[in-house]
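Colleague: The following block contains the structure, expressed as structure tokens.
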Amino acid sequence: MAIDLKQSLKLAQQLVMTPQLQQAIKLLQLSRLELAELINQELTENPVLEEERGEEISLEEEFSKVESEAENSDEQSYDELNWEEFMDRFVTSDHGMRFSESEEGSELETRVAKSVSLCEHLLWQLRLSDFTKDEERIAEYIIGNLDEDGYLKIPLEHIAQEFGRSESEVEQVLKKVQNFDPAGIAARNLQECLLLQLRQWQIDNPLAERIIKNYCSELERKDCRAIARKEKVRLEEVRKAVKQICELEPKPGRPFGEERVQYITPDIYVYRTGDDYTIILNEDGLPRLRIGSYYLNLLRSDTSNVTKEYIKEKLQSAMWLIRSIHQRQRTIYKVMESIIKFQRKFFDKGSAYLKPLVLRDVAQDINMHESTISRVTTNKWVYTPHGIFAMKFFFNSKINQLGGDALGSASVKERIRQIINQESFENCYSDQEIVKILRAEYGIEIARRTVTKYREGMGILSSSKRKKSQAR
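The opening residue of the sequence shown carries number 439 in my numbering; numbering runs sequentially from there.
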């Protein structure tokens, strides 16, 4: 059989993602802060882009016209844009082109001051204390080996071998360090930490000391009756001692943790205006972009073709970035508008009236793909009249009612929370009793194991543990 080389044509379809499309998809799933970081990076890498800081004449309307023309054309690309004509129409000698506006300013909570670490705080006290040179070296070693909660996790035997000292000498240094602030620091376990705090705060309660030493398991379960029975004391005395213990700090190093409180800044604000709602996109902190007139003038001047090609390439990149940002903002607005339409009762009355909603519902409503809706609702937060929620919060599964209408799972969780908040001290509802109440009062059909899953997801204790907790 002869083997021949032949050429043949084959027609096939495949999805090709252009760099511009990839950029637009990437921008969709960024939060406002991440978008600001990306814009700052583009400002650094693209010399054509500039950040506008002063009060300048806005040419955003003119740019929008050009953008609209490009969208209505057969080829929605900036590759065929006549840059010289564009420059002659819209560039001015004194001002650049501004593409986005937002007020300058920085919020107070975003200014992060350097915090003092636990190690620095303890070393500062060490320098002010009466230690010998050898003791100071051992104390520095102890401080350097504390974990983030303030506990000493290495044995004294190891420290003694490191410095060629006896364990008793190392323990004497450790006791001095344990007198430092915060109380309970450098403890080797939770019991020692709590006992150190009782001593340092001069809390004279022998019963509390015995509970810490001998009844840790009962204390964890808050089983005051068992402790009172074993100690042969009145229940009220045990409750008083347990209350004092609960006021102690089990992690003395926590205030000096490196983790800072992260304040949530909403990406979208939804305000009630009369009988309707107004959507405002949060653009505070986003750099205002413009194309510098210097490069546009350079494009018009008699420069080399290589320079012009470079400027055109950077102009095209800048225009695509601005177009992607505008498209991102428009898409977020449309998705939020659709969510309000589906979840109108939530915005009117609160979480208990949240309806079941899936990505497909919003996608069909605004004629977009589900993946686009998923990207838009990722890492976005919404300010509403009832608080700040993640955009994903408005999408939840369906729970059937006896009347035929369906409720969202978040709405059912809220009703479970309300039932538990209204229970009395003597009668804490079990999960099965909550199932009966949901059926009788709200017509909600739900299994006991589902109530248990929702309750545990909300961080609520079981009925027996709630009763013991209230009995403290």
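Where a beta carbon is used, it is the ideal one built from N, C-alpha and C, also for glycine.
In this text the structure is predicted, and so the values were computed from the model without any measurement.
Which ranges would you report for the beta strand (DSSP E) in the segment 700 to 782 if only whole runs of at least 3 residues count?
Modeller: Complete beta strand (DSSP E) runs here, min 3: 706 to 711, 714 to 719, 727 to 729.
Colleague: Which class does N805 belong to by DSSP, given the choice of helix, strand or coil?
Modeller: The residue labelled residue 805 in the question sits at position 367 within the sequence shown. Reduced to three states, the DSSP call for N805 is coil.
Colleague: List the endpoints of the continuous alpha helix (DSSP H) containing W562.
Modeller: Looking up residue 562 in the sequence shown gives position 124. It spans 556 to 565 - the alpha helix (DSSP H) in which W562 sits, taken as one unbroken run.
Colleague: Specify, as a first and last residue, the run of the beta strand (DSSP E) that T482 falls within.
Modeller: For the purposes of this step, residue 482 is taken as the residue at position 44 of the sequence shown. From DSSP, T482 is part of no beta strand (DSSP E) but of the alpha helix (DSSP H) over 470 to 483.
Colleague: Assuming the contact rule is C-beta atoms closer than 8 angstroms, E480 and L487 should be a hit. Round their C-beta distance to whole Å, please.
Modeller: For this step, residue 480 is matched to residue 42 along the sequence shown. For this step, residue 487 is matched to residue 49 along the sequence shown. Rounded, the Cβ-Cβ distance is 6 angstroms, consistent with contact.
Colleague: Please report the Cβ distance between R470 and T703, rounded to the nearest whole angstrom; I am assuming they are in contact, meaning their Cβ atoms lie under 8 angstroms.
Modeller: Numbered from 1 along the sequence shown, position 32 holds the residue referred to as residue 470. Numbered from 1 along the sequence shown, position 265 holds the residue referred to as residue 703. R470 to T703, Cβ: 7 angstroms. Contact.
Colleague: By Cβ distance below 8 angstroms, which residues in the same chain neighbour Y709 in space, the five residues on each side in sequence not counted?
Modeller: Reading the sequence shown from its first residue, position 271 is the one you call residue 709. Answer for Y709: Y715, T716, I718, P823, listed in chain order.
Colleague: Should C866 be labelled buried (16 or more other beta-carbon atoms within 10 Å of its own) or exposed?
Modeller: Locating residue 866 in the sequence shown gives position 428, where the first residue counts as 1. Its Cβ being crowded by 16 or more others within 10 Å, C866 is buried.
Colleague: For V486, which of helix, strand or coil comes out of DSSP?
Modeller: As a working note, residue 486 is residue 48 in the sequence shown. V486 falls in the coil class under three-state DSSP.
Colleague: Considering Cα atoms alone, identify which of S862, V850, L899, T741 is closest to E883.
Modeller: By 1-based counting over the sequence shown, the position of residue 883 is 445. With distances taken between Cα atoms, E883 lies closest to V850.
Colleague: Between P690 and A621, what straight-line distance do the alpha-carbon atoms span, to the nearest angstrom?
Modeller: As a first step, residue 690 must be located in the sequence shown, where it is residue number 252. As a first step, residue 621 must be located in the sequence shown, where it is residue number 183. Approximately 7 angstroms, taken between the alpha carbons.
Colleague: With 16 other CB atoms within 10 Å as the buried threshold, where does P766 fall?
Modeller: As a working mapping, residue 766 is identified with position 328 in the sequence shown. As written in the sequence, residue 766 is Arg, which differs from the Pro given in the question. Buried, by the Cβ-count rule.
Colleague: If we count Cβ pairs, one from each stretch, closer than 8 angstroms, do we get three or more for the segment 673 to 681 versus the segment 776 to 796?
Modeller: Because the criterion of three Cβ pairs below 8 angstroms is not met, the segment 673 to 681 and the segment 776 to 796 do not touch.
Colleague: For R877, which residues of its own chain have a beta-carbon under 7 angstroms away from its beta-carbon, when the five flanking residues on both sides are left out?
Modeller: Walking along the sequence shown from the start, residue 877 turns up at place 439. If we look at R877 and ignore the five residues flanking it on each side, its Cβ neighbours are E883.
Colleague: Give me the Cα-Cα distance between E573 and Y589, rounded to the nearest whole angstrom.
Modeller: Here residue 573 corresponds to residue number 135 of the sequence shown, with the count starting at 1. Here residue 589 corresponds to residue number 151 of the sequence shown, with the count starting at 1. Cα to Cα, E573 sits roughly 19 angstroms from Y589.
Colleague: Going by beta-carbon coordinates alone, are L556 and V615 separated by less than 9 angstroms?
Modeller: Within the sequence shown, numbered from 1, the residue matching residue 556 stands at position 118. Within the sequence shown, numbered from 1, the residue matching residue 615 stands at position 177. In this structure, V615 does not lie closer than 9 angstroms to L556 by Cβ.
Colleague: Going by C-alpha to C-alpha distance, which of D803, M829, G825 sits closest to S812?
Modeller: By 1-based counting over the sequence shown, the position of residue 812 is 374. It is M829 whose Cα lies nearest to the Cα of S812.
Colleague: Could you tell me if C684 is buried or exposed, where buried requires 16 or more neighbouring beta carbons within 10 angstroms of its beta carbon?
Modeller: Along the sequence shown, one-based indexing puts residue 684 at 246. Burial call: exposed.
Colleague: If contacts are defined as beta-carbon pairs under 8 angstroms, then P725 and I463 qualify, I think. What distance do you get, rounded to the angstrom?
Modeller: Working through the sequence shown from its first residue, we reach residue 725 at position 287. Working through the sequence shown from its first residue, we reach residue 463 at position 25. Not a contact, Cβ separation roughly 22 angstroms.
Colleague: Assign Y732 to one of two classes, buried (16 or more other C-beta atoms within 10 Å of its C-beta) or exposed (fewer than that).
Modeller: By one-based count along the sequence shown, residue 732 stands at place 294. By the neighbour-count rule (16 or more Cβ atoms within 10 Å), Y732 is not buried but exposed.
Colleague: What are the residues that DSSP puts in a beta bridge with V820?
Modeller: What you label residue 820 is simply residue 382 of the sequence shown in a count that begins at 1. I706, F827, per the DSSP bridge assignment.
Colleague: Apart from the five residues just before and just after L560, which ones in its own chain have a Cβ nearer than 6 angstroms to its Cβ?
Modeller: By 1-based counting over the sequence shown, the position of residue 560 is 122. Cβ within range, chain order: I581, F618.
Colleague: Here's the rule I'm using: 16 or more other beta-carbon atoms within 10 Å means buried, otherwise exposed. How should V554 be labelled?
Modeller: Locating residue 554 in the sequence shown gives position 116, where the first residue counts as 1. Flag for V554 reads exposed.
Colleague: Could you check whether L673 and R663 sit closer than 9 angstroms to each other, using their CB atoms as the reference points?
Modeller: Taking the first residue of the sequence shown as position 1, residue 663 is located at position 225. Taking the first residue of the sequence shown as position 1, residue 673 is located at position 235. Yes, the Cβ-Cβ distance between R663 and L673 is below 9 angstroms.
Colleague: Using 10 angstroms around the beta-carbon of M896, count the other beta-carbons present and answer buried if the total reaches 16, otherwise exposed.
Modeller: Here residue 896 refers to the residue found at position 458 of the sequence shown. Exposed: under 16 other Cβ atoms inside 10 Å.
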